Amino acid sequence: MGIIVYIIVLWFLHSLYAKFIRPQAKRKLVQIKQSTKFLKDFLRWNEDRMNPKLRDEFQQLIAEGETLISTDPFDSKKSEQWLTRYEKKIKNLYPSNLFTSAKEFIETAVVIMGIVMAIRSVSIQLFKIPTGSMQPTLYGVHYVHDTHLQIPGLVTQIFHYLNYGIRYVDVQAQAPGSLEAVKDSSLKLGPISVLDSMSANIGGVWYTFPCDRLAFNRLFSYTQQRMWEENEIIAHGKIVLGDYLMVDRFSYNFVNPKRGDIAVFATAGIDNVAPDGTRVNYPFQGAFYIKRLVGLPGDTLRITQGKLYIRPKGHDRFLLFGGDICPHLSKLYSGKGGYHGYTHPQRALWLKNDNDEFTLGPDQYFMLGDNSRNSADSRYWGPVPRKNIMGRALFIWWPFSRRWGIADHAPPADFPTPPQHSPWDMPEDHAE
551 MGIIVYIIVL
561 WFLHSLYAKF
571 IRPQAKRKLV
581 QIKQSTKFLK
591 DFLRWNEDRM
601 NPKLRDEFQQ
611 LIAEGETLIS
621 TDPFDSKKSE
631 QWLTRYEKKI
641 KNLYPSNLFT
651 SAKEFIETAV
661 VIMGIVMAIR
671 SVSIQLFKIP
681 TGSMQPTLYG
691 VHYVHDTHLQ
701 IPGLVTQIFH
711 YLNYGIRYVD
721 VQAQAPGSLE
731 AVKDSSLKLG
741 PISVLDSMSA
751 NIGGVWYTFP
761 CDRLAFNRLF
771 SYTQQRMWEE
781 NEIIAHGKIV
791 LGDYLMVDRF
801 SYNFVNPKRG
811 DIAVFATAGI
821 DNVAPDGTRV
831 NYPFQGAFYI
841 KRLVGLPGDT
851 LRITQGKLYI
861 RPKGHDRFLL
871 FGGDICPHLS
881 KLYSGKGGYH
891 GYTHPQRALW
901 LKNDNDEFTL
911 GPDQYFMLGD
921 NSRNSADSRY
931 WGPVPRKNIM
941 GRALFIWWPF
951 SRRWGIADHA
961 PPADFPTPPQ
971 HSPWDMPEDH
981 AE
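So the sequence shown is numbered by the working numbering: it starts at 551 and just counts up by one.
Structure, rendered in structure tokens:
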């Protein structure tokens, strides 16, 4: 699937080379070849409708163009004169005006949109990481509250936003009160949000926060349903917008998912019965989730002493995931950079304790978040059907953090994982 990305990048680089870097004489030669071909095609399709004088002028231009192409050494001065005459002739045939320019722009935009939609529907789709359940492999939207943080100047803020997806917030209560109302105050171009912002009414005063609704909810998750006093800090710190991914939707049409893949799947239709007989109707918070695929059909899984063990179908013993299986994922147990292995949540219905085992049925896959302490995953709602799995994480294209590039390539950051951390309390100098 990466080949499509390479083709697009190579096409873009070739266009830059052809327009700005290629030697001037070579550019003119290519222009004359393309222009001569256009004249021939135009003459072939319209010769019977052209007046004799115009037809003769076209034939003369074609003959002169072919002479210039075959002349060695290339005559740059004559080629410039020929291109000037060609452009004048074309302008006479197709006079430029505001209507034709707008028409050409709309036609180009429609074609580009069609290409983008086609690529999106069958190959690559952009995906924003909404939560911290895959942290530290993938970062979701989170707020870092730091009353001692010095808010940088405007130029630095713009740089941090464009490069690292960081926006700064500094809001102080002007009057006592609690959160009363919320509204979207984003700058929009039609239905498209150009610059996200949310407004909140606290104690009768409206305050603006530089984030979308998801980040706003993260920001207020620790303060909601409380009172602020006048001059008290409501929010002071960083809003980190999370990773933006390219998701490969193409490969899984031809091959089945593999253990260790970071997979995107639809939540609709995930309806399971827990091992204890409980019918699970989990309140999914989105149409699509992203987790690490750890279990394949026929696998038996268990989590023991913070590590995941798998007995593949047909095997007689358990193998360590991130050791015997997928050894490149040993970082999951490193205790560094936020990695801390796997846990047994109190409300889990699958893999509830060190002795609990679960065997996957046909077309069933088990999904776990790398941030096991703060991940709603298959431990809560069970296996995912094959038909729900849409694609795999391919490339983190923004922001330009240490994770930028091929998804899942970064080693653990070199600091110890806090004993009980949440998705937003990681050391910020390492997190980004």
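Note that the Cβ used here is the ideal one computed from N, Cα and C, for glycine as well. All values reported here derive from a predicted model rather than from experimental measurement.
D904 is positioned such that its CB atom lies no closer than 7 Å to that of L918. Remark: fewer than three beta-carbon pairs, one from each stretch, lie closer than 8 Å, so the region 835-855 and the region 960-971 are not flagged as touching. Between K863 and G848, the C-beta gap is smaller than 7 Å, which places the two residues in contact. About 4 Å separates the CB atoms of I784 and V721; that is less than 8 Å, so the two are in contact. For Q707, the enclosing alpha helix (DSSP H) covers residues L704 to Y714.
Of all C-beta pairs linking the region 784-804 to the region 678-695, three or more are shorter than 8 Å, placing the two stretches in contact. According to DSSP, residue pairing for Q675 in a beta bridge involves V797. Per the coordinates, the alpha-carbon of D606 lies some 30 Å from the alpha-carbon of Q574.
The C-beta separation of T697 from H786 comes to about 5 Å, placing the pair in contact by the 8 Å criterion. The DSSP-derived three-state label of W756 is strand.
Judged by beta-carbon spacing, G941 lies within the 7 Å limit of D798, meaning their Cβ atoms are closer than that value. One alpha carbon belongs to P962, the other to V580, and they sit about 50 Å apart. Looking at L745, D913 and D591, the one whose alpha-carbon comes closest to that of I939 is D913. Fewer than three beta-carbon pairs drawn from the region 817-829 and the region 717-736 are found closer than 8 Å, and the two stretches are therefore not classed as touching. Restricting attention to Y859, A723 and E637, the CA atom closest to the CA of G754 is found in A723. The beta-carbon distance between L851 and E907, rounded to whole angstroms, is 7 Å. This is short enough to meet the 8 Å contact definition. If you draw a straight line from the Cα of K841 to the Cα of Y714, it is about 23 Å long. The three-state reading of DSSP puts T586 in helix, counting H, G and I together. In this structure, the beta-carbon distance from P933 to L910 falls below 7 Å. Between F608 and L589, the gap from beta carbon to beta carbon is short of 7 Å. The beta carbon of Q584 sits closer than 7 Å to none of the beta carbons in its chain outside the five residues before and after it. Collapsing the DSSP output to three states places L745 in a strand.
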